[in-house]
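Protein chains: 2
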Amino acid sequence: MTHLTVSVEYGLHCLLWLAGPTGPPVSSRDLADLQGISPSFVAKIFPKLEKAGIVRASEGMRGGYLLAKAPEKISILEVVDAIEGNKPLYDCQEIRGRCAVFADRPPKWATEGVCAIHAVILRAEKAMRDSLASQSLADVMQVLERKAPPEFSNEIRDWLDDRIQSRGRKPDKA
Amino acid sequence: MTHLTVSVEYGLHCLLWLAGPTGPPVSSRDLADLQGISPSFVAKIFPKLEKAGIVRASEGMRGGYLLAKAPEKISILEVVDAIEGNKPLYDCQEIRGRCAVFADRPPKWATEGVCAIHAVILRAEKAMRDSLASQSLADVMQVLERKAPPEFSNEIRDWLDDRIQSRGRKPDKA
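Just so you know, the sequences run in chain order G and P. Using my numbering, the letters of the first sequence map in sequence onto residues 5 to 178. Using my numbering, the letters of the second sequence map in sequence onto residues 5 to 178.
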């Protein structure tokens, strides 16, 4: 399993659909079917995004999820942390205190502060997180908007409208 | 399991002992016992470091491992890649091509180039790797040398000499 899992991939892709021109809210089921990915998997991601204040749910026949704030205000790091938690790259076992010459009584100089090797990894982790924090959902949207032809967003809107119509008048949960 | 595992931790700690003032080569068994870590675990790391040209083995009664080049020339990234392989942070499933409106025939614009979300993660991964590449084994040594009292390296040398003496005249493999 990679450090950033398929949950992050699915979550970010789903948010991109919600970041488009404001339309009706979209259910996690429709987001999953639109992208050909597992609905039960996607259903588990959205409560995490909601708890982190990235999306909000609306109820009713056209119920579903909406972004809770502008895509410019949603960093990729925020989404990653909402879905994965702030997972460390490395789990320091503090082996520096076990050196045989210390005979189970490591001196203070050997164990105070952060282990020098752990510090190296923490700097690399900070560089990674700073990069994710500097990129927003809106930045990714801009790349996609340059690639997709103008009619694409209408096709998506039509597909989502068809789904809502086909549900008839039954209320639908997110 | 974290992205950078305990093998990286053990490998880096072992290399620090070899990066000290030139003395006899040290066997992976002695390096493990000196640090209170699993000898069989450490024995599996050294062939990877040797293959990557980071250490070299010397045979004989005082046989063991030596750094294959100066610690200034050994980057932390090099050690991580030797031990873990160049593991990606994220494994893009290319879900962009599965969009329902494409009906299994995604247009070229939708799948050409790197997925915009994957590109975000690749930038973060590059930031992490650049940070690891910019830090050398010598940099970590300098931090440790500032912390340890002058007698510490003699205590280590004595401990290692005792180990070699206690083996008698039997040849010892790394």
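C-beta atoms are modelled at their ideal positions from N, C-alpha and C, and glycine is treated no differently.
Reduced DSSP secondary structure (H/G/I, E/B, other) of A104/G: helix
Just to check my reading of the structure: V105/P and W163/G have Cβ atoms closer than 8 Å, yes? What is that Cβ distance to the nearest angstrom? 5 Å
For M145/P, which residues from the same chain have a beta carbon less than 8 Å from its beta carbon, with the 5 sequence-adjacent residues on both sides left out? L20, A23, G24, P75
DSSP state of V227/G, grouped into three classes? Examination of residue 227/G is not possible in this model, given that chain G is present from 5 through 178 alone.
Exposed or buried, what is P29/G when buried is set at 16 or more other beta-carbons lying within 10 Å of its beta-carbon? A buried status is given to P29/G, since no fewer than 16 other beta-carbon atoms sit within 10 Å of its beta-carbon.
On the criterion of 16 or more Cβ atoms from any shown chain inside 10 Å, does E116/G qualify as buried, or is it exposed? exposed
Selection from R60/G, P111/G, I41/G, V46/G that minimises the alpha carbon distance to L71/G: R60/G
Three-state class that DSSP yields for A72/P in the structure shown: In the structure shown, A72/P sits in coil (DSSP, three-state: anything other than H, G, I, E or B).
Classification of D165/G by the beta-carbon crowding that lies within 10 angstroms, buried from 16 upward: exposed
Would you call F50/G buried or exposed, if buried means 16 or more other Cβ atoms sit within 10 Å of its Cβ? Looking at its Cβ environment, which holds 16 or more other Cβ atoms inside 10 Å, F50/G is buried.
Cα separation between P154/P and V10/P? 29 Å
Looking only at its chain, what residues have a beta carbon closer than 8 Å to the beta carbon of H122/G, apart from the 5 residues adjacent to it on each side? Y94, C96
Short CB-CB distance (under 8 Å) between C103/P and chain G: yes
Suppose contacts are defined by Cβ-Cβ distances below 8 Å. Is I41/G in contact with Y69/G by that definition? No, the Cβ-Cβ distance between I41/G and Y69/G is not below 8 Å.
What residues from chain P crowd round C18/G, counting only those whose CB sits closer than 8 Å? None at all; the shortest Cβ gap to chain P is about 10 Å.
Using a cut-off of 7 Å between C-beta atoms, extract the partners of A152/P located in chain G. W113
Apply the 10 Å Cβ neighbour rule to V118/G and answer buried if 16 or more other Cβ atoms are within range, or exposed otherwise. exposed
Can you check whether the CB of V46/P is closer than 8 Å to the CB of A36/P? yes
In angstroms, rounded to a whole number, what distance separates the CA positions of S157/P and G101/P? 59 Å
Under a CB-based cut-off of 8 Å, is P28/G close to chain P? no
Chain G contact residues for A142/P, given Cβ-Cβ distances below 8 Å: Correct list: empty, because the minimum Cβ distance to chain G is about 12 Å.
Let me know the secondary structure DSSP gives S11/G once reduced to three states. helix
Measuring only the C-alpha atoms, how far is M5/G from E88/P? Roughly 13 Å separates the two Cα atoms.
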